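Residue numbers (this note's numbering): 462 to 761.
Okay, structure coming up:
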């Protein structure tokens with residue numbers, strides 16, 4: 462059975478382009494040269510992504526105001542969805558942040574009212590438009606802004622994405638992490654990691670797939686999520702280096718913080734996973750190795 466994901470957001474945010482690149486294998490460079498025409502009507506498609514079958518609903522931006530007001534269209538777009546991905550871009554956040562906040566709150570209310578039970582996920586797209594030397598600091602500030610202005614009972618997952626060749630991994634990570642929730646193997650490992658970290662402080666654990674994209678991200682309750690951009694960049698660079706296949710640890714500086722880091726290969730334990738990587742401001746190397754050893758046992 463396919464797992465339903467709805468992609469929605471204002472017009473010209475790049476929703477259909479994300480679908481074309483990530484799920485249909487289109488070259489993002491070609492789509493920059495030859496932009497897609499605006500989507501007309503809700504589009505349905507089924508894709509195989511990792512070990513999950515995904516039913517994708519691409520809702521046109523022009524229809525967003527109607528969907529947010531019409532209950533029948535809400536049921537059509539959001540009913541039975543495992544995830545609702547709301548895509549907005551950096552320029553729109555700067556110019557129309559209140560409209561974005563209003564949209565997200567409305568989707569949250571609709572999801573609760575109809576008891577759809579979908580996971581609402583936010584993609585702030587086109588981060589390549591931010592000057593590189595300012596990107597980490599600015600994205601940290603934007604994350605705080607969004608959380609504060611939404612003021613919801615729960616914090617919604619927020620990913621910073623781009624289809625620029627140097628940053629395309631951000632979008633693959635966001636999609637992989639979203640879809641991994643539908644995989645039984647991944648969900649089990651995710652729960653095991655959560656249990657291992659529950660007594661840890663300022664610690665985060667990533668698991669990557671064979672394509673080096675992040676499948677799992679679990680954090681301790683007190684982890685500073687404002688530095689996630691730096692961590693994603695570090696994971697991307699680590700996973701490209703063949704010398705990291707065996708157990709390796711060291712101290713790394715990411716943004717304003719220092720972390721103990723450890724990485725190990727686990728593809729011999731389960732072919733769905735490639736690396737487990739732990740970053741911690743508080744755990745010593747021996748404690749991190751102990752967590753990794755326990756997780757490997759769980760995979761056998």
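A virtual CB, placed ideally from N, CA and C, is assigned to each residue, including glycine. Owing to the predicted nature of the structure, the values given are computational and were not obtained by experimental measurement.
For this session: Tell me whether the beta-carbon of residue 744 lies closer than 7 Å to the beta-carbon of residue 664.
Result: With respect to residue 664, residue 744 sits close: the two C-beta atoms are nearer than 7 Å.
For this session: Might you give, ordered along the chain, the residues of its own chain that have their beta carbon closer than 8 Å to the beta carbon of residue 756, omitting 5 neighbours on each side?
Result: Sequence-distant Cβ neighbours of residue 756 in its own chain, meaning closer than 8 Å and more than five residues away, are 650, 653, 654, 657, 727, 737.
Exercise. Does the separation of the CB atoms of residue 622 and residue 582 fall below 7 Å?
Worked result: No Cβ-Cβ contact shorter than 7 Å links residue 622 with residue 582.
For this session: Evaluate residue 678 with the Cβ neighbour count: other Cβ atoms within 10 Å of its Cβ, from every protein chain shown; 16 or more gives buried, anything less gives exposed.
Result: That one is buried.
Exercise. Hey, quick one: how far does the beta strand (DSSP E) through residue 605 stretch, first residue to last?
Worked result: For residue 605, there is no enclosing beta strand (DSSP E); the residue is found in the alpha helix (DSSP H) stretching over 596-611.
For this session: Give the DSSP-derived three-state secondary structure of residue 560 in the structure shown.
Result: The answer is helix: DSSP assigns residue 560 an H, G or I state.
For this session: May I ask you to verify whether the stretch 679-686 touches the stretch 623-635, counting CB pairs closer than 8 Å and requiring at least 3?
Result: The stretch 679-686 is not in contact with the stretch 623-635.
For this session: Go ahead and label residue 648 buried or exposed: buried means 16 or more other beta carbons lie within 10 angstroms of its beta carbon, across all protein chains shown.
Result: With fewer than 16 Cβ atoms within 10 Å of its Cβ, residue 648 is classed as exposed.
For this session: Indicate whether the contact test is met: 3 or more Cβ pairs, each with one atom in the stretch 561-568 and one in the stretch 587-602, closer than 8 Å.
Result: Fewer than three Cβ pairs drawn from the stretch 561-568 and the stretch 587-602 lie within less than 8 Å of each other, which leaves the two stretches out of contact.
For this session: Look at residue 470 and residue 547 and say whether their C-beta atoms are less than 7 Å apart.
Result: Yes.
Problem set entry | Proximity winner among 693, 567, 666, relative to residue 527 (alpha-carbon distances) | Here the closest residue by C-alpha is 567.
Exercise. Which runs of the beta strand (DSSP E) fall wholly inside the stretch 709-733 and span at least 3 residues, in chain order?
Worked result: You should have 709-715, 718-726.
Problem set entry | Per-residue burial, residue 578 [other beta carbons within 10 Å of its own, 16 or more giving buried] | Counting Cβ neighbours within 10 Å, residue 578 comes out exposed, since fewer than 16 surround it.
Exercise. For the alpha helix (DSSP H) that residue 653 lies in, which residues bound it at each end?
Worked result: It spans 645-658 - the alpha helix (DSSP H) in which residue 653 sits, taken as one unbroken run.
For this session: Provide the residue span of the alpha helix (DSSP H) that contains residue 674, from first to last.
Result: Run containing residue 674: none; DSSP gives neither H nor E here.
For this session: Tell me where the beta strand (DSSP E) around residue 514 begins and ends.
Result: Segment 513-519, the beta strand (DSSP E) holding residue 514.
Problem set entry | Enclosing beta strand (DSSP E) for residue 585 [first to last residue] | Start and end: 580-586.
Exercise. What is the DSSP secondary structure of residue 619, reduced to helix, strand or coil?
Worked result: Residue state, collapsed to three classes: strand.
Exercise. Between residue 475 and residue 550, which are expected to be in contact by the criterion C-beta below 8 Å, what is the C-beta distance as a whole number of angstroms?
Worked result: Indeed they touch by this definition, with Cβ atoms about 7 Å apart.
Problem set entry | Candidates 695, 554, 588, 614: closest to residue 606 by CA position | Nearest to residue 606 by C-alpha distance, out of 695, 554, 588, 614, is 554.
Problem set entry | Contact set for residue 670: own chain, Cβ-Cβ below 8 Å, skip 5 residues either direction | Contacts found: 511, 637, 676, 733, 734, 735.
Problem set entry | For residue 466 and residue 515, believed in contact at Cβ under 8 Å, the rounded distance | The pair is a contact, with the Cβ atoms about 6 Å apart (cut-off 8 Å).
Exercise. What is the C-beta distance between residue 572 and residue 545, in whole angstroms, given that I count them as a contact (C-beta under 8 Å)?
Worked result: That belief holds up - the Cβ atoms of residue 572 and residue 545 are roughly 7 Å apart, short of 8 Å.
Problem set entry | CA nearest to the CA of residue 513, picked from 630, 673, 644 | When only C-alpha atoms are compared, the closest one is 644.
Exercise. Residue 543: which of 661, 483, 464 sits nearest, CA to CA?
Worked result: Answer by Cα proximity: 464.
Exercise. For residue 716 versus residue 688, is the C-beta distance shorter than 7 Å?
Worked result: Against a cut-off of 7 Å, the Cβ pair of residue 688 and residue 716 comes out as a contact.
For this session: State buried or exposed for residue 754, treating a residue as buried only when at least 16 other CB atoms are found within 10 Å of its CB.
Result: Residue 754 counts as exposed, since fewer than 16 other beta carbons sit within 10 angstroms of its beta carbon.
For this session: Have a look at residue 633 and residue 519 and give me their C-alpha separation to the nearest angstrom.
Result: Cα-Cα distance, rounded: 17 Å.
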